[in-house]
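Engineer:
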Amino acid sequence: MLPGIGSGPKMMAYVTDVFKAAYVPIDFEIIDINIEEEDQIKFALSSMIRNGVGIKGHIPQLADTSANVTLRSHLDLYVYLVHCKSYPNIRCRVPGLDIVVFRQNTEGEYAMLEHESKPGIVESLKIITRENTERFARWAFEFAMNECRKKVTVVHKANIMKLSDGLFLKTVLDVAKDYPEIEVNDLIVDNCCMQLVSKPHSFDVILTPNLYGNIITSIICGLIGGPGLMSGRNYGDSSAVFEVASRHISFADEKYVNPVAMINAGIDMLTYLKKMLTHLLSVTQSTIL
């Protein structure tokens, strides 16, 4: 458990209280990352690798890099999933909404490859690779199949970024051919944002590069009742990290903090652990049957 900064420690306390009340048999290794000590991010990474699963608040930025991005990169958490769903007992702009947003989690503009070539001129590199896009897309389509989702929308800006987003779009559409049961369409990101506001129920599953997915998730937050409800799931082949989908550091000193998103992250973590244990049980049984 990485409580992080801002409202993170307070929300983590709610999670541990709920787990205790429900007699959840989990022992947390709690790591407080100090913004002054860069070695602590290495300790947090080794803990995540050792345990294979974690839950975290917002990690402070260390030096010139984002510790959150460093965590995703080193653990190869290439899938980010947010299940955006309206709650029937919470007033919101769009009742009955149910959208799953997948964003590629280790590439795109968030690869942290930017520099100042000379004073007043900054260059930022956007990285898209066929290999990472393909495994990301296949993960998402497998999820859609297992969850009986009917439609996948690929969101991009390939009309302008013809090489980078063009490669992303082509790779996802190539993977989609292996899943003929699922309807697939694509939208330019600005058109997608407009349709999310005007026709949100037309969406089922969204696949998109890193930056666009961040923006899209924030829009849907506003439609279903605010940022304090949804959890975010980071998945890799050997690790998983769970958190709130939208971070609001400045709420640390508020008297009331909405813990729903972090509690949902805890539920996601338990669901993941159940699947892992079920898989291990199946593998173990197969050795003697």
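The opening position of the sequence shown corresponds to residue 1 in UniProt numbering, with each subsequent residue numbered one higher.
Idealized CB from N, CA, C, for every residue including glycine.
Keep in mind it's a predicted model, so treat the numbers as computed, not measured.
(1) Report the three-state DSSP secondary structure of Lys42 (helix, strand or coil).
(2) Please check the pair His156 and Asp186, which I expect to be a contact at CB under 8 Å, by giving their CB distance rounded to whole angstroms.
(3) Does the Cβ of Asp268 have 16 or more other Cβ atoms within 10 Å, making it buried, or fewer, making it exposed?
(4) Please state whether DSSP places Phe28 in a helix, a strand or coil.
(5) Are there 16 or more other CB atoms within 10 angstroms of the CB of Thr271, so buried, or fewer, so exposed?
(6) What residues are listed by DSSP as bridge partners for His279?
(7) Count the other CB atoms, across all protein chains shown, that sit within 10 Å of the CB of Thr171; report buried if there are 16 or more and exposed otherwise.
(8) Taking the beta carbon of Glu107 as the centre, do at least 16 other beta carbons fall within 10 Å, making it buried, or is it exposed?
(9) Do you know whose CA, among Leu97, Ile31, Val18, lies nearest Ile224's CA?
(10) From which residue to which residue does the beta strand (DSSP E) around Asp98 run?
(11) For Ile121, which of helix, strand or coil comes out of DSSP?
(12) For the region 116 to 131 against the region 139 to 148, are there 3 or more C-beta pairs whose distance is under 8 Å?
(13) Can you give me the C-alpha to C-alpha distance between Val152 and Leu173, rounded to a whole angstrom?
(14) What separation, rounded to the nearest whole angstrom, lies between the Cα atoms of Leu169 and Lys20?
(15) How is Glu216 classed by DSSP in three states: helix, strand or coil?
(16) Can you tell me the Cα-Cα spacing of Arg130 and Leu167, whole angstroms?
(17) Do Gly57 and Met262 have their C-beta atoms closer together than 9 Å?
Structural biologist: According to the structure data:
(1) Locating residue 42 in the sequence shown gives position 42, counting from the first residue. Lys42 falls in the helix class under three-state DSSP.
(2) Taking the sequence shown and counting its residues from 1, one reaches residue 156 at position 156. Taking the sequence shown and counting its residues from 1, one reaches residue 186 at position 186. Contact flag correct, Cβ pair sits at about 6 Å.
(3) Sequence index remark: in the sequence shown, residue 268 carries index 268 (1-based). When all chains shown are included, Asp268 counts as buried.
(4) Along the sequence shown, one-based indexing puts residue 28 at 28. Reduced to three states, the DSSP call for Phe28 is coil.
(5) Numbered from 1 along the sequence shown, position 271 holds the residue referred to as residue 271. Per the 10 Å Cβ criterion, exposed.
(6) Residue 279 sits at position 279 when you count from the first residue of the sequence shown. Looking at the DSSP assignment, His279 forms no beta bridge with any residue, so it has no partner.
(7) Against the sequence shown, residue 171 aligns to sequence position 171. Burial call: buried.
(8) Residue 107 sits at position 107 when you count from the first residue of the sequence shown. Buried, by the Cβ-count rule.
(9) Counted from its first residue, the sequence shown places residue 224 at position 224. Ranking the options by Cα distance to Ile224, first place goes to Leu97.
(10) As a working note, residue 98 is residue 98 in the sequence shown. 98 to 104 is the span of the beta strand (DSSP E), which, as asked, contains Asp98.
(11) Taking the first residue of the sequence shown as position 1, residue 121 is located at position 121. If DSSP states are grouped into helix, strand and coil, Ile121 belongs with the strands.
(12) no
(13) Here residue 152 corresponds to residue number 152 of the sequence shown, with the count starting at 1. Here residue 173 corresponds to residue number 173 of the sequence shown, with the count starting at 1. So the two alpha carbons sit approximately 10 Å from each other.
(14) Against the sequence shown, residue 169 aligns to sequence position 169. Against the sequence shown, residue 20 aligns to sequence position 20. If you take the alpha carbons of Leu169 and Lys20, they lie about 45 Å apart.
(15) Residue 216 sits at position 216 when you count from the first residue of the sequence shown. Correcting the residue identity first, residue 216 is Ile in this sequence and not Glu. Correct three-state label for Ile216: helix.
(16) One-based indexing of the sequence shown puts residue 130 at position 130. One-based indexing of the sequence shown puts residue 167 at position 167. When rounded, the distance between both Cα atoms is 7 Å.
(17) For the purposes of this step, residue 57 is taken as the residue at position 57 of the sequence shown. For the purposes of this step, residue 262 is taken as the residue at position 262 of the sequence shown. It is a contact, given that the beta carbons lie within the stated cut-off.
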